[in-house]
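Under our numbering, the first residue of the sequence shown carries the number 16, and numbering increases by one thereafter.
All C-beta atoms in this analysis are idealised placements derived from N, C-alpha and C, irrespective of residue type, glycine included.
Just so we're clear, the structure is a prediction, and the values are computed from it rather than from any experiment.
Report on the following structure.
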Amino acid sequence: RKYDDVMASPTKSTASRAPMSPPRFCPSPNGNSFCNSKMAPFTPVSTAMTTAKWLRSAISPLPSKPSGELLRFFSACDKDVTDDITCRAAIILGAIFTGSSFGERMCTSLRNTSGMDAIWTEQRKMEALKLYYRVLESMCRAESQILSGSNLTSLLSNERFHRCMIACSAELVLATHKTVTMMFPAVLEKTGITAFDLSKVIESFVRHEDSLPRELKRHLNSLEERLLESMAWEKGSSMYNSLIVARPTLSAEINRLGLLAEPMPSLDAIAVHHDISLGGLPPLPFHKQPDKDEVRSPKRACTERRNVLVDNSFRSPVKDVIKSKFLPPLQSAFASPTRPNPAAGGETCAETGIGVFLSKITKLAAIRIKCLCERLQLSQQILERVYSLVQQIISQQTALFFNRHIDQIILCCIYGVAKVCLNYHCPWKTFR
Numbered sequence: 016r017k018y019d020d021v022m023a024s025p026t027k028s029t030a031s032r033a034p035m036s037p038p039r040f041c042p043s044p045n046g047n048s049f050c051n052s053k054m055a056p057f058t059p060v061s062t063a064m065t066t067a068k069w070l071r072s073a074i075s076p077l078p079s080k081p082s083g084e085l086l087r088f089f090s091a092c093d094k095d096v097t098d099d100i101t102c103r104a105a106i107i108l109g110a111i112f113t114g115s116s117f118g119e120r121m122c123t124s125l126r127n128t129s130g131m132d133a134i135w136t137e138q139r140k141m142e143a144l145k146l147y148y149r150v151l152e153s154m155c156r157a158e159s160q161i162l163s164g165s166n167l168t169s170l171l172s173n174e175r176f177h178r179c180m181i182a183c184s185a186e187l188v189l190a191t192h193k194t195v196t197m198m199f200p201a202v203l204e205k206t207g208i209t210a211f212d213l214s215k216v217i218e219s220f221v222r223h224e225d226s227l228p229r230e231l232k233r234h235l236n237s238l239e240e241r242l243l244e245s246m247a248w249e250k251g252s253s254m255y256n257s258l259i260v261a262r263p264t265l266s267a268e269i270n271r272l273g274l275l276a277e278p279m280p281s282l283d284a285i286a287v288h289h290d291i292s293l294g295g296l297p298p299l300p301f302h303k304q305p306d307k308d309e310v311r312s313p314k315r316a317c318t319e320r321r322n323v324l325v326d327n328s329f330r331s332p333v334k335d336v337i338k339s340k341f342l343p344p345l346q347s348a349f350a351s352p353t354r355p356n357p358a359a360g361g362e363t364c365a366e367t368g369i370g371v372f373l374s375k376i377t378k379l380a381a382i383r384i385k386c387l388c389e390r391l392q393l394s395q396q397i398l399e400r401v402y403s404l405v406q407q408i409i410s411q412q413t414a415l416f417f418n419r420h421i422d423q424i425i426l427c428c429i430y431g432v433a434k435v436c437l438n439y440h441c442p443w444k445t446f447r
């Protein structure tokens, strides 16, 4: 695809209805402005006031239990999932909002105070819980309209989906209160998910919470950018568990480098590790055996189901638009990687998911290339060739991204194209 096609307006782009935000720092050639000059300036104080007001006015008044409508969705599943969902939320949020979650310094502080910090922590936990139920209800309502029914068993019984939703909710609460001792990516470790997992629900989360302040949308977009540029490519990312199915030719290299994700920790393990008491909550749900079709890490047997997030709510860069009438976006997003996706011409869910992921990488690369070429005052011809080269690497030499940052690939391409193709003489310090 041409560079101009990728940089087209959101309505013409193959990305999504809520396109990814520009890079966090991308100055123009004069060095004093950002790429997206239309964004109104904001200060840390104004941001904190806006987001805190939103939590107080829109989230705090909500009940700390699922609403009647949400309970109806839970009970409409093949098996009532109410107990499982409430128990899971208590455990995961308990792991995030505990003294040990805020590091050794905060942990000591919590133990030495008269309970004020414990009260503050409990309040933040309740805010995250209420936000989780609110967005979950909105998602269920949208899915039921797509399905023309209220049975959402595939979605509501998926462990990884709920953990990602809880992680998003907790991250927004932590970001609002500027909790520096639990800065991202701390929530990933506490919830047992990976960067690739979280990247699959960010857009849906934003889309289904209309009241979300602009500042928090920016925060989630900046997180998505971090996930795409490097974190999803790190060792242990669940992205490799899908990639090994979608691109079998890369399996040898993935296994050689030991990149596959380890099993997601069970709720039992999290509860024991953080000494979480369930009180009057029901016992933990019985742990099912993993699917036979799931990709397993060669290091050890997996005792926990590890469905990999696959979001087909976008258009694949090499396929036609995916028709949601066959598989709704959220339900198919959490299907097993090896499961066929009838909405995508017979390809597996892993192929669809990897196609979506790489299309996001292509979009991000196009934005970064434009910014760098403007700063280096390179011609449009060089920009086009650099983009073409990066696009080829993404689609044909994907292994070059393993354990690397996207900027490393882009800088190498810019230097190579400028020096070799156009005999561009430029000292190395220009690229430092």
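Asked: Just how far apart, CA to CA, sit Ser90 and Val287?; Found: 29 Å
Asked: Can you tell me which of the three DSSP states Thr363 falls into?; Found: strand
Asked: If you reduce the DSSP assignment to three classes, tell me which class Lys250 lands in.; Found: coil
Asked: Touching or not, the stretch 131 to 142 and the stretch 184 to 194, by the rule of three or more beta carbon pairs under 8 Å?; Found: yes
Asked: Count the CB pairs spanning the stretch 266 to 282 and the stretch 382 to 390 that are closer than 8 Å, and state whether there are at least three.; Found: no
Asked: Could you spell out the range, first to last residue, of the alpha helix (DSSP H) harbouring His234?; Found: 229 to 244
Asked: Does Cys427 come out as helix, strand or coil in the three-state DSSP assignment?; Found: helix
Asked: Phe199 and Ala190 - do their beta-carbons sit closer together than 9 Å?; Found: yes
Asked: How far does the alpha helix (DSSP H) with Val188 in it extend, from its first residue to its last?; Found: 174 to 191
Asked: Consult DSSP for Pro42 and reduce its assignment to one of helix, strand or coil.; Found: At Pro42 the pLDDT is 47, less than 50, meaning the model places this residue with poor confidence; the figure from the coordinates comes in the next sentence. Looking at Pro42 - three-state DSSP - the assignment turns out to be strand.
Asked: Compute the Euclidean distance between the alpha carbons of Asp93 and Gly83, then round it to the nearest angstrom.; Found: 18 Å
Asked: Put Val216 into one of helix, strand or coil per three-state DSSP.; Found: coil
Asked: If I follow the unbroken alpha helix (DSSP H) through Arg103, where does it start and stop?; Found: 97 to 111
Asked: Alpha carbon to alpha carbon, what distance is there between Ser219 and Glu244?; Found: 20 Å
Asked: Thinking just about the alpha-carbon of each residue, which of Leu171, Arg262, Ile107 is nearest to the one in Glu362?; Found: Arg262
Asked: Consult DSSP for Asn256 and reduce its assignment to one of helix, strand or coil.; Found: helix
Asked: Can you give me the Cβ contacts of Ala110 inside the same chain, cut-off strictly under 6 Å, excluding the 5 residues immediately before and after it?; Found: Lys205, Ile285, His289
Asked: DSSP state of Leu162, grouped into three classes?; Found: helix
Asked: Whole angstroms is fine: what's the gap from Trp248's alpha carbon to Leu274's?; Found: 9 Å
Asked: Would you mind working out which of Arg390, Leu379, Thr196 sits nearest Ile421, comparing C-alpha positions?; Found: Leu379
Asked: When burial is assigned at 16 or more other CB atoms within 10 Å of the CB, is Gln407 buried or exposed?; Found: exposed
Asked: Given this structure, state the Cα-to-Cα distance separating Phe88 from His223, to the nearest angstrom.; Found: 17 Å
Asked: Assuming the contact rule is C-beta atoms closer than 8 Å, Ala201 and Ser252 should be a hit. Round their C-beta distance to whole Å, please.; Found: Rounded, the Cβ-Cβ distance is 17 Å, inconsistent with contact.
Asked: Contact between the stretch 388 to 406 and the stretch 363 to 375: three or more CB pairs below 8 Å?; Found: no
Asked: In terms of residues, what are the limits of the alpha helix (DSSP H) holding Phe199?; Found: Per DSSP, Phe199 belongs to no alpha helix (DSSP H) and is neither H nor E.
Asked: DSSP on Lys80, reduced to helix/strand/coil?; Found: coil
Asked: For Thr113, I'd like the list of residues in its chain whose CB is within less than 6 Å of its CB, leaving aside the five on either flank, ordered along the chain.; Found: His289
Asked: Please say whether Leu146 and Val188 have beta carbons closer to each other than 9 Å?; Found: yes
Asked: Keeping to the same chain, check which residues put their C-beta closer than 8 Å to that of Cys179; ignore five residues upstream and five downstream.; Found: Thr206, Ile208, Asp212, Leu213, Lys215, Val216, Leu324
Asked: Determine the extent of the alpha helix (DSSP H) in which Arg400 is found, giving its start and end residues.; Found: 395 to 411
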